[in-house]
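In terms of the UniProt record's numbering, the sequence shown opens at residue 1 and continues consecutively. Where is the CB? At the ideal position from N, CA and C, for every residue including glycine. On a predicted model such as this, the values are computed, not experimentally measured, just so you know. Written below as structure tokens is the structure these notes are about.
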Amino acid sequence: MLWGLGKTLQTISLLAYLHEYRGINGPHMVVAPKSTLGNWMNEIRRFCPVLRAVKFLGNPEERRHIRDDLLVAGKFDICVTSFEMAIKEKTALRRFSWRYIIIDEAHRIKNENSLLSKTMRIFSTNYRLLITGTPLQNNLHELWALLNFLLPEIFSSAETFDEWFQISGENDQQEVVQQLHKVLRPFLLRRLKSDVEKGLPPKKETILKVGMSQMQKQYYKALLQKDLEAVNAGGERKRLLNIAMQLRKCCNHPYLFQGAEPGPPYTTGDHLITNAGKMVLLDKLLPKLKERDSRVLIFSQMTRLLDILEDYLMYRGYLYCRIDGNTGGINGPHMVVAPKSTLGNWMNEIRRFCPVLRAVKFLGNPEERRHIRDDLLVAGKFDICVTSFEMAIKEKTALRRFSWRYIIIDEAHRIKNENSLLSKTMRIFSTNYRLLITGTPLQNNLHELWALLNFLLPEIFSSAETFDEWFQISGENDQQEVVQQLHKVLRPFLLRRLKSDVEKGLPPKKETILKVGMSQMQKQYYKALLQKDLEAVNAGGERKRLLNIAMQLRKCCNHPYLFQGAEPGPPYTTGDHLITNAGKMVLLDKLLPKLKERDSRVLIFSQMTRLLDILEDYLMYRGYLYCRIDGNTGGDERDASIEAYNKPGSEKFVFLLSTRAGGLGINLATADVVILYDSDWNPQVDLQAQDRLSNLYYS
């Protein structure tokens, strides 16, 4: 069967037929190139999820886990593994009596004396199936090797097979081909493009010729002049091939040569496009293709050229994926380090959006952590370790055992000081890649930004002094230029998403400021507070004293019961006095029934924990079901409250939150109304809390 005509899917259809109509569940074994195993698993899950497939791959510890826990008779239907793993794990795979052994890219066993071919013959199986786009490559003996693997009783002798198709003269060639077709027909299912092309859209092929840029011409000329003698004299083949390869690099992009790209600092910009003729053409082509909703595959022979194309795509803001020879199916292990208060949200989101990834929360008392270290944080048993900043420092010895694929730091401005204990600890862990997540990459100064970039790419951003020199401002006129230069440097390393990028797809945000008067009781307290400190207010007293007066007045405006002795009692009882003695509470008491009537769900924020107590008393008095989170709420209780509020059909109407505690790692997307009972001195704190609590805009 030719490439791209559904060999994988037809094979899965066969196994599905055996399961559905013959009651044969397996076990079957698929042996394929390592790079295709992910596709095999995806196709099985997509087209026949009833078949339980296990991918047998990984390091020794991961394979031990698969052997002991997953490759158990009755627990799986299909084992998908690679050629290398079939050889390495032949003892484990010989335990089974397979129904079908399927070999993808089967020309890999065309040499019957190869280790792979010999290994595949030792497995016990009822049936064998070979999948290949090239059953006949070099000679008939290779074809015999494949047929001998399929049916060793019939195609037992290579010599006899050769005799069958011996050509004694040129006239016999056509007859031999016809004879070969007859022999193969019972054993070969062949599908050609011509069988299906009538149902496919027409293929349109266009060759676009493009000239070289000025920079390319200079490099091309220099390369020819350097080796002019070898070119003219027809030098040795190896040298000529090397010259041809250098010229080819020049035609693709001059930045493939060391030192050609301007820098440091190395920045993406128009020079990436204008210095290569092909890139100029690509830059004209892609916007037109995007406009007509096309989706594009770009191929290159050179991995380094793919790097340049990546820089270009990021510069133009195109979203992309990439596969090259270094790309594999990467399950981890990855480590997420985040504020303790957000760990529950991380775990919930992983379970919700990617349940196939096995996540472990590394947190708890010493005994709980010992259990996690010994039983859960074991190579092959987890994909993601989610832990806190404090735990990363405390458990660094345990976490250093692993070679991480990705280390991800949430609220990454926590490592903006490269000399802090957290920053130093995060640098000792071995990892392939690092990812920083933050809403504030640049807070106070450029040195803090350098600390983040140095953590990401210490080879490029090695010196803080050099970084400062790049962005030194000698005068006011240079400021704009420095900002532009900074944007260029950051662009390859920063994926930035703004509200403006997504707000068109969200329901409109409606914000209302409701002004309300004070109750009689509040007016009395307010007047008494001012008269008590009238001298300080009029004279503009010291800052600390004035701030204290402002805080007392603020408490009065929120609710007079925040003052000791203001609430009537003992006995302390809830009743209408809880509402009528505070203007804001009177308004809230009018608002909530209307919101309840229209099936809204409400988040109420306050800066004051004691005010949340009063709001709790009010909600209980009115019979509203609610949840609550403040700075004293433990991690497990916090997670349970969020889950209770968000679960489908939840009857919880109100969620009470302190603004500071509610500002991190909470997703309450099921709410549609936010009420700020009192505002923070810093308006950004209110905005941050609101934005983090919902994926939707709110009223």
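Query raised in the report: Any chance the region 59-73 sits against the region 106-113, with 3 or more Cβ pairs inside 8 Å?
Result: no
Whole angstroms is fine: what's the gap from glycine 575's alpha carbon to glutamate 349's? In the sequence shown, counting from the first residue as 1, residue 575 sits at position 575. In the sequence shown, counting from the first residue as 1, residue 349 sits at position 349. Computed Cα separation, rounded: 41 Å.
Q.
To the nearest angstrom, how far is the alpha carbon of methionine 620 from that of phenylalanine 389?
A. As a position in the sequence shown, residue 620 is number 620, starting the count at 1. As a position in the sequence shown, residue 389 is number 389, starting the count at 1. If you draw a straight line from the Cα of methionine 620 to the Cα of phenylalanine 389, it is about 37 Å long.
- prompt: Nearest-angstrom Cα distance between asparagine 345 and tyrosine 315?
  reply: Looking up residue 345 in the sequence shown gives position 345. Looking up residue 315 in the sequence shown gives position 315. In a straight line, the C-alpha of asparagine 345 is about 32 Å away from that of tyrosine 315.
*asked:* If the criterion is Cβ atoms closer than 9 Å, does the pair glutamine 531 and cysteine 556 meet it?
replied: Locating residue 531 in the sequence shown gives position 531, counting from the first residue. Locating residue 556 in the sequence shown gives position 556, counting from the first residue. Their beta carbons are not under 9 Å apart, which means glutamine 531 does not touch cysteine 556 by this criterion.
- Message: Measuring CB atoms only, is the region 87-98 touching the region 398-410, in the sense that at least three cross pairs come out at less than 8 Å?
- Response: no
Q) What are the start and end residues of the beta strand (DSSP E) that includes residue 757? A) For residue 757 there is no data in the structure shown, the boundaries of the chain being 1 and 699.
Practice item. Identify whether asparagine 39 lies in helix, strand or coil by the three-state DSSP scheme. Key: Indexing the sequence shown from 1 puts residue 39 at position 39. Asparagine 39 falls in the helix class under three-state DSSP.
For phenylalanine 653, count neighbouring C-beta atoms within 10 Å of its own C-beta (all shown protein chains included) and say buried if the count is 16 or more, exposed if not. Here the question's residue 653 lines up with position 653 in the sequence shown. Flag for phenylalanine 653 reads buried.
Cut-off 7 Å between Cβ atoms - residues of its own chain near asparagine 417, not counting five sequence neighbours on either side: Stepping through the sequence shown from its first residue, residue 417 is reached at position 417. Taken in chain order, the residues that qualify are Ser423 and Ala451.
What are the partner residues of isoleucine 629, as DSSP defines its beta bridges?
Sequence index remark: in the sequence shown, residue 629 carries index 629 (1-based). Answer is Leu657.
Notebook entry, point to check: Hey, which unbroken runs of the beta strand (DSSP E) at 3 residues or more fall wholly within the UniProt domain "Helicase ATP-binding" (1-153)?
Noted result: 28-32, 53-56, 78-82, 98-104 and 125-131
**Prompt:** Where arginine 52 and lysine 75 are concerned, what is the direct C-alpha to C-alpha distance, given to the nearest angstrom?
**Reply:** Locating residue 52 in the sequence shown gives position 52, where the first residue counts as 1. Locating residue 75 in the sequence shown gives position 75, where the first residue counts as 1. Computed Cα separation, rounded: 8 Å.
| field | Neighbourhood of tyrosine 526 by C-beta, 7 Å cutoff - its chain only, sequence neighbours within 5 removed | value | Within the sequence shown, the letter at position 526 stands for residue 526. Answer for tyrosine 526: Met518, Leu553 and Cys556, listed in chain order.
Open item on the list: Tell me the DSSP secondary structure of arginine 406 in three-state form.
Closed with: Translated into the one-based positions of the sequence shown, residue 406 becomes position 406. Looking at the sequence provided, one finds tyrosine at residue 406 rather than arginine. Residue state, collapsed to three classes: strand.
**Asked** Whose C-beta lies closer than 8 Å to the C-beta of serine 430 among residues of the same chain, with five residues either side of it excluded?
**Response** In the sequence shown, the residue the question calls residue 430 occupies position 430. Cβ within range, chain order: Arg400, Phe402, Ser403 and Trp404.
>> Check whether the region 248-257 and the region 288-306 touch, using three or more Cβ-Cβ pairs below 8 Å as the test.
In response: yes
| said: Strictly by DSSP, which residues pair up with tyrosine 433? | reply: Locating residue 433 in the sequence shown gives position 433, where the first residue counts as 1. Paired residues: Tyr406.
Among Pro366, Val356, Asp410 and Val337, the one whose alpha carbon lies nearest that of threonine 387: On the sequence shown, residue 387 is found 387 positions in, with the first residue counted as 1. Ranking Pro366, Val356, Asp410 and Val337 by Cα distance to threonine 387 puts Val337 first.
### Message
What does the Cβ neighbour count give for tyrosine 21, buried or exposed, with the cut at 16 atoms within 10 Å?
### Response
Within the sequence shown, numbered from 1, the residue matching residue 21 stands at position 21. That one is exposed.
Indicate the three-state DSSP secondary structure (helix, strand or coil) for valine 489 in the structure shown. Within the sequence shown, residue 489 is the residue found at index 489, counting from 1. Three-state result, valine 489: helix.
Quick one: is proline 186 buried, meaning 16 or more other Cβ sit within 10 Å of its Cβ, or exposed? Mapped onto the sequence shown, residue 186 falls at position 186. Exposure of proline 186 is indicated by the presence of fewer than 16 other C-beta atoms within 10 angstroms of its C-beta.
Going by Cα to Cα distance, which pick from Val80, Asn59, Lys488 and Ile372 is closest to asparagine 39? Reading the sequence shown from its first residue, position 39 is the one you call residue 39. Nearest neighbour of asparagine 39 by Cα position, chosen from Val80, Asn59, Lys488 and Ile372, turns out to be Val80.
Query raised in the report: Which of helix, strand or coil does DSSP assign to cysteine 250?
Result: Walking along the sequence shown from the start, residue 250 turns up at place 250. Reduced to three states, the DSSP call for cysteine 250 is helix.
Of the listed residues Leu562, Gln216 and His447, nearest to tryptophan 470 (C-alpha basis): Numbered from 1 along the sequence shown, position 470 holds the residue referred to as residue 470. Measuring from the Cα of tryptophan 470, the nearest candidate turns out to be His447.
For phenylalanine 362, count the other beta carbons within 10 Å of its own beta carbon; 16 or more makes it buried, fewer makes it exposed. Which is it? As a position in the sequence shown, residue 362 is number 362, starting the count at 1. Flag for phenylalanine 362 reads buried.
* Asked: Which residues in the same chain have their Cβ closer than 8 Å to the Cβ of glutamate 616, if we skip the five residues on either side of it in sequence?
  -> Along the sequence shown, read from residue 1 onward, the residue named residue 616 stands at position 616. Cβ neighbours of glutamate 616 beyond the five flanking positions: Tyr626, Arg628 and Leu656.
Using a Cβ-Cβ cutoff of less than 6 Å, which residues in the same chain neighbour isoleucine 372 once the five nearest sequence positions on both sides are dropped? Locating residue 372 in the sequence shown gives position 372, where the first residue counts as 1. If we look at isoleucine 372 and ignore the five residues flanking it on each side, its Cβ neighbours are Phe362.
Residue burial classification, valine 360 (beta-carbon count within 10 angstroms, cutoff 16) = Within the sequence shown, numbered from 1, the residue matching residue 360 stands at position 360. It is buried - the Cβ of valine 360 has at least 16 other Cβ atoms within 10 Å.
Proximity of isoleucine 384 and arginine 358 at Cβ, strictly below 9 Å: For the purposes of this step, residue 384 is taken as residue 384 along the sequence shown, with counting starting at 1. For the purposes of this step, residue 358 is taken as residue 358 along the sequence shown, with counting starting at 1. Result yes, Cβ atoms of isoleucine 384 and arginine 358 sit closer than 9 Å.
| said: Below 8 Å on the Cβ atoms is my contact criterion, and I expect leucine 129 with tyrosine 100 to pass it. Report the Cβ-Cβ distance as a whole number of Å. | reply: Counting from 1 along the sequence shown, the entry for residue 129 is found at position 129. Counting from 1 along the sequence shown, the entry for residue 100 is found at position 100. Correct: roughly 6 Å between the Cβ atoms.
Q: Return helix, strand or coil for threonine 206, following the three-state DSSP convention.
A: The sequence position of residue 206 within the sequence shown is 206, counting from 1. It is coil, neither helix nor strand.
I'd like the list of long-range same chain contacts for glutamine 216, defined as Cβ closer than 6 Å, with 5 residues on each side in sequence excluded.
What you label residue 216 is simply residue 216 of the sequence shown in a count that begins at 1. Once the five neighbours on either side are set aside, the close Cβ partners of glutamine 216 are Cys250 and Pro254.
Start and end residues, beta strand (DSSP E) containing residue 705
Outside the displayed span of the chain (1 to 699) sits residue 705, for which this structure offers no information.
- Message: Here's the rule I'm using: 16 or more other beta-carbon atoms within 10 Å means buried, otherwise exposed. How should lysine 7 be labelled?
- Response: Your numbering for residue 7 matches position 7 in the sequence shown. It is buried - the Cβ of lysine 7 has at least 16 other Cβ atoms within 10 Å.
If I follow the unbroken beta strand (DSSP E) through isoleucine 604, where does it start and stop? Along the sequence shown, one-based indexing puts residue 604 at 604. Here the beta strand (DSSP E) through isoleucine 604 covers 602-606.
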